[in-house]
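A quick write-up on the structure given underneath.
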Amino acid sequence: MKRDDLKATLTARNREAKQLTQLERTRQRNPSDRHVISQAETELQRATMDATRTTRHLEETIDNFEKQKIKDIKVFRNSLYPPDYASRLDIVRANSKSPLQRSLSAKCVSGTGQVSTCRLRKDQQAEDDDEEDEDLDVTEEEN
Numbered sequence: 001m002k003r004d005d006l007k008a009t010l011t012a013r014n015r016e017a018k019q020l021t022q023l024e025r026t027r028q029r030n031p032s033d034r035h036v037i038s039q040a041e042t043e044l045q046r047a048t049m050d051a052t053r054t055t056r057h058l059e060e061t062i063d064n065f066e067k068q069k070i071k072d073i074k075v076f077r078n079s080l081y082p083p084d085y086a087s088r089l090d091i092v093r094a095n096s097k098s099p100l101q102r103s104l105s106a107k108c109v110s111g112t113g114q115v116s117t118c119r120l121r122k123d124q125q126a127e128d129d130d131e132e133d134e135d136l137d138v139t140e141e142e143n
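Residue numbers (UniProt numbering): 1 to 143.
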């Protein structure tokens, strides 16, 4: 059906081009014959409307095809990686410091009296960072 739509659109455009050349030829040969020129203009308008209609229909067909293609790609992607599958980026973001944690670390360093707690946090974060570095080294060696 899509090939038929394309053929119909091309046929309508070719017909429109022929009607336009015929109108120009009629105007050059018989500039005083208003009746023949008027008929040629009417045929050109019909051909133009038909070409516009078929072009619009073809554009809708193409849009529907592209929408279906996107849906199919999403279904295929979701079959490979289910929606509940946590991506590596999400895991890294979850383990990274939040802005609130950064501000707490800065306050501890400035000397608010919670140095022991801050040192524990820093030691824990350093261990987490080391584990992430080891994970990255393993993945790089696998590649």
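Every residue gets a Cβ at the ideal spot worked out from N, C-alpha and C, and that includes glycine.
Keep in mind the model is a prediction, meaning the values are calculated, not measured.
With a cut-off of 8 Å on the beta carbons, I'd call residue i and residue j a contact; round off their distance for me.
{"i": "residue 5", "j": "residue 52", "result": "About 14 Å separates the two Cβ atoms, so there is no contact after all."}
{"i": "residue 9", "j": "residue 42", "result": "22 Å between Cβ atoms; not a contact."}
Please report the residue range of the alpha helix (DSSP H) in which residue i lies.
{"i": "residue 14", "result": "2-29"}
{"i": "residue 72", "result": "34-80"}
Relative to the C-alpha of residue i, which candidate in the options has its C-alpha closest?
{"i": "residue 3", "options": "44, 57 and 95", "result": "57"}
{"i": "residue 23", "options": "12, 45 and 78", "result": "45"}
{"i": "residue 13", "options": "30, 79, 32 and 48", "result": "48"}
{"i": "residue 50", "options": "63, 81 and 15", "result": "15"}
Excluding the five sequence neighbours on either side, which residues of its own chain have a C-beta within less than 6 Å of the C-beta of residue i, listed in chain order?
{"i": "residue 26", "result": "36, 37 and 40"}
{"i": "residue 73", "result": "none"}
{"i": "residue 33", "result": "none"}
{"i": "residue 19", "result": "43, 44 and 47"}
If you drop the 5 nearest sequence neighbours on each side, which residues of the same chain put their C-beta closer than 8 Å to that of residue i?
{"i": "residue 17", "result": "none"}
{"i": "residue 30", "result": "36 and 37"}
Leaving aside the five residues before and after residue i along the sequence, list all residues of the same chain whose C-beta is less than 7 Å from its C-beta, in chain order.
{"i": "residue 78", "result": "none"}
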